[in-house]
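The opening residue of the sequence shown carries number 446 in our numbering; numbering runs sequentially from there.
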Amino acid sequence: MRLLTFTHGPDDTTERLGVETDGLVLDLAALADHAGVRLPHNLLSFVQAGPAALEAARSLLAADPAGRPAEAVHRSDAVHLRAPLRPGKIIGVGLNYIEHVEESSRSLDTDKDLPPRPVLFGKPATAVTGPGAPILHNADLTTQLDWECELAVVIGRTAFRVSEEEAYGHIFGFSIVNDISARDQRRSGQWFFSKGQDSYAPFGPVVVTRDAIGDPMALDLSLRVNGVTKQKSNTRHMLFPIARLIADISSGMTLEPGDVIATGSPSGVGAGMVPPEFLRPGDTVEATVEGIGTLSNPVVDAR
């Protein structure tokens with residue numbers, strides 16, 4: 446199932462829970478109301494409601510399409526996508542692709558040795574922005590705004606001290622995060638301000654449920670700036686696979702439904718280019734993950 450959050454236009458503030466299918470966006474709340482079924486009206490509450498909400502949605506989608514009310518059916522190009530949900534927390538993973546470890550040691554002064562455990566950092570929920578929304582470039586704060594295409598894991602069940610074998614049972618689905626970074630705003634080696642500013646976590650365009658992704662450790666991912674490919678890899682090259690990340694994070698931190706793990710970036714970031722390349726107002730960044738789609742965002746001057 447391909448779940449999303451949408452409005453009827455860029456100026457509409459009423460966000461709706463939808464599902465993308467056959468070139469259409471179906472308003473799940475409208476379908477539920479028409480059928481007399483109780484269903485959460487936003488994606489975060491839907492995730493928190495657990496398997497019962499998923500089963501109810503599947504039943505609604507399996508019903509005769511001829512019986513769908515007109516107000517529940519929209520062309521995909523007639524709606525405006527928003528960030529799928531606002532996570533309680535975003536856990537970023539640094540240096541999780543082997544080639545990116547080498548690239549970062551050369552360009553960002555990080556350790557050249559492979560990390561023995563996942564390198565973790567946080568991004569606040571206020572950093573989240575949706576498909577098509579602007580990435581804010583404030584030249585008073587940074588001249589080194591960088592990109593990172595990452596597979597996002599959306600947690601579906603509370604996880605604390607879970608094993609790697611149990612980890613996948615706590616996943617709701619998958620999406621895309623573009624881990625935007627102001628490379629010149631690392632402070633004494635700390636990344637929070639560098640990676641946590643408003644708009645630095647483009648997220649979407651959809652959340653694909655776990656059952657609809659065959660093997661999340663075998664997905665192609667890529668990133669383009671103004672149509673030029675900068676990153677191209679596959680999730681099989683992660684240093685720490687998804688199950689290990691969930692087990693490690695949950696060893697001391699409770700993961701809650703709706704939390705997001707951004708699983709790390711492959712090589713090809715701007716800081717690693719020769720010479721370095723960074724985002725500027727007027728650029729367009731497109732992050733793509735196989736089976737999920739493309740997350741596109743313009744860069745705008747925020748001074």
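Idealized CB from N, CA, C, for every residue including glycine.
As assigned by DSSP and simplified to three states, the class of residue i
{"i": "D624", "result": "coil"}
{"i": "P661", "result": "helix"}
{"i": "D704", "result": "coil"}
{"i": "P563", "result": "coil"}
{"i": "L586", "result": "coil"}
{"i": "A477", "result": "helix"}
{"i": "S490", "result": "helix"}
{"i": "Q676", "result": "strand"}
{"i": "R447", "result": "strand"}
{"i": "R632", "result": "strand"}
{"i": "L581", "result": "strand"}
{"i": "L499", "result": "helix"}
{"i": "A508", "result": "coil"}
{"i": "S549", "result": "helix"}
{"i": "L690", "result": "helix"}
{"i": "G618", "result": "strand"}
{"i": "T574", "result": "strand"}
{"i": "S696", "result": "coil"}
{"i": "R681", "result": "helix"}
Start-to-end residues for the beta strand (DSSP E) that takes in residue i
{"i": "P650", "result": "646-654"}
{"i": "E465", "result": "461-466"}
{"i": "G738", "result": "738-746"}
{"i": "F637", "result": "Unbroken run through F637 is the alpha helix (DSSP H), 637-641; no beta strand (DSSP E)."}
{"i": "R527", "result": "525-527"}
{"i": "D472", "result": "469-472"}
{"i": "E593", "result": "Premise fails: E593 is in no beta strand (DSSP E) and is neither H nor E."}
{"i": "V537", "result": "The sequence as given places Gly at residue 537; Val does not occur at that position. Where G537 is concerned, the enclosing beta strand (DSSP E) stretches over 535-539."}
Residue span of the alpha helix (DSSP H) that contains residue i, given as start and end
{"i": "V389", "result": "With the chain covering only 446 through 748, there is no way to say anything about residue 389."}
{"i": "E731", "result": "First-last for E731: 729-734, but that is the beta strand (DSSP E), not the alpha helix (DSSP H)."}
{"i": "E722", "result": "Segment: none, E722 is in no alpha helix (DSSP H) and carries neither H nor E."}
{"i": "A612", "result": "609-612"}
Exposure of residue i, with buried meaning 16 or more beta-carbon neighbours within 10 Å
{"i": "Q635", "result": "exposed"}
{"i": "V464", "result": "buried"}
{"i": "V730", "result": "buried"}
{"i": "G539", "result": "buried"}
{"i": "E610", "result": "exposed"}
{"i": "E595", "result": "buried"}
{"i": "F723", "result": "buried"}
{"i": "E500", "result": "exposed"}
{"i": "D472", "result": "buried"}
{"i": "P720", "result": "exposed"}
{"i": "N671", "result": "exposed"}
{"i": "F451", "result": "buried"}
{"i": "A507", "result": "exposed"}
Reference residue i, options the options, closest by Cα
{"i": "Q493", "options": "I616, S741, H682, I691", "result": "I616"}
{"i": "P532", "options": "E544, G495, S490", "result": "S490"}
{"i": "L521", "options": "D467, R669, E609", "result": "According to the sequence displayed, residue 521 carries Ser and not Leu. Out of D467, R669, E609, D467 has the C-alpha closest to the C-alpha of S521."}
{"i": "V734", "options": "D472, L664, H525, G727", "result": "L664"}
{"i": "I687", "options": "T459, R527, G537", "result": "G537"}
{"i": "V673", "options": "D728, G738, G567", "result": "D728"}
{"i": "G454", "options": "A523, P485, L448", "result": "A523"}
{"i": "A646", "options": "L473, S667, V622, D693", "result": "V622"}
{"i": "A502", "options": "G512, A511, P514, V482", "result": "V482"}
{"i": "D629", "options": "N671, D656, V670, A584", "result": "A584"}
{"i": "P560", "options": "L484, G575, A716, N541", "result": "N541"}
{"i": "D704", "options": "R681, V745, P569, A657", "result": "P569"}
{"i": "I658", "options": "P579, L484, S620", "result": "S620"}
{"i": "S639", "options": "T654, H486, L586", "result": "L586"}
{"i": "P496", "options": "F566, M662, G618, V564", "result": "G618"}
{"i": "S820", "options": "L484, P576, R725", "result": "This structure cannot settle anything about residue 820, because the visible part of the chain is limited to 446 through 748."}
{"i": "L476", "options": "R689, G512, L690, L666", "result": "G512"}
{"i": "Q589", "options": "P510, M718, E547, P563", "result": "M718"}
{"i": "S567", "options": "D558, L700, P579", "result": "Correcting the residue type first, residue 567 is Gly in the shown sequence and not Ser. For G567, the nearest C-alpha among the options comes from L700."}
{"i": "D456", "options": "S644, I694, L526", "result": "L526"}
{"i": "A627", "options": "G715, P579, S696, P743", "result": "G715"}
Nearest-angstrom beta carbon gap, residue j and residue i [assumed within contact, 8 angstroms]
{"i": "A747", "j": "L581", "result": "4 angstroms"}
{"i": "P702", "j": "I625", "result": "25 angstroms between Cβ atoms; not a contact."}
{"i": "G713", "j": "L684", "result": "Wrong, their Cβ atoms sit about 16 angstroms apart, outside the cutoff."}
{"i": "A572", "j": "Q676", "result": "20 angstroms between Cβ atoms; not a contact."}
{"i": "A597", "j": "A692", "result": "Going by Cβ atoms, the distance from A597 to A692 rounds to 18 angstroms, so no, they are not a contact pair."}
{"i": "P529", "j": "G709", "result": "So it is not a contact: roughly 20 angstroms between Cβ atoms."}
{"i": "M446", "j": "T654", "result": "4 angstroms"}
{"i": "L449", "j": "V651", "result": "5 angstroms"}
{"i": "H486", "j": "L462", "result": "6 angstroms"}
Cutoff 7 angstroms: residue i Cβ touching any chain D Cβ
{"i": "E610", "result": "Of the protein chains in the structure, only one exists, and it is not chain D."}
Proximity test, residue i beta-carbon vs the ligand MG heavy atom, cut-off 6 angstroms
{"i": "R689", "result": "The ligand MG is absent from the structure shown, which contains no ligands of any kind."}
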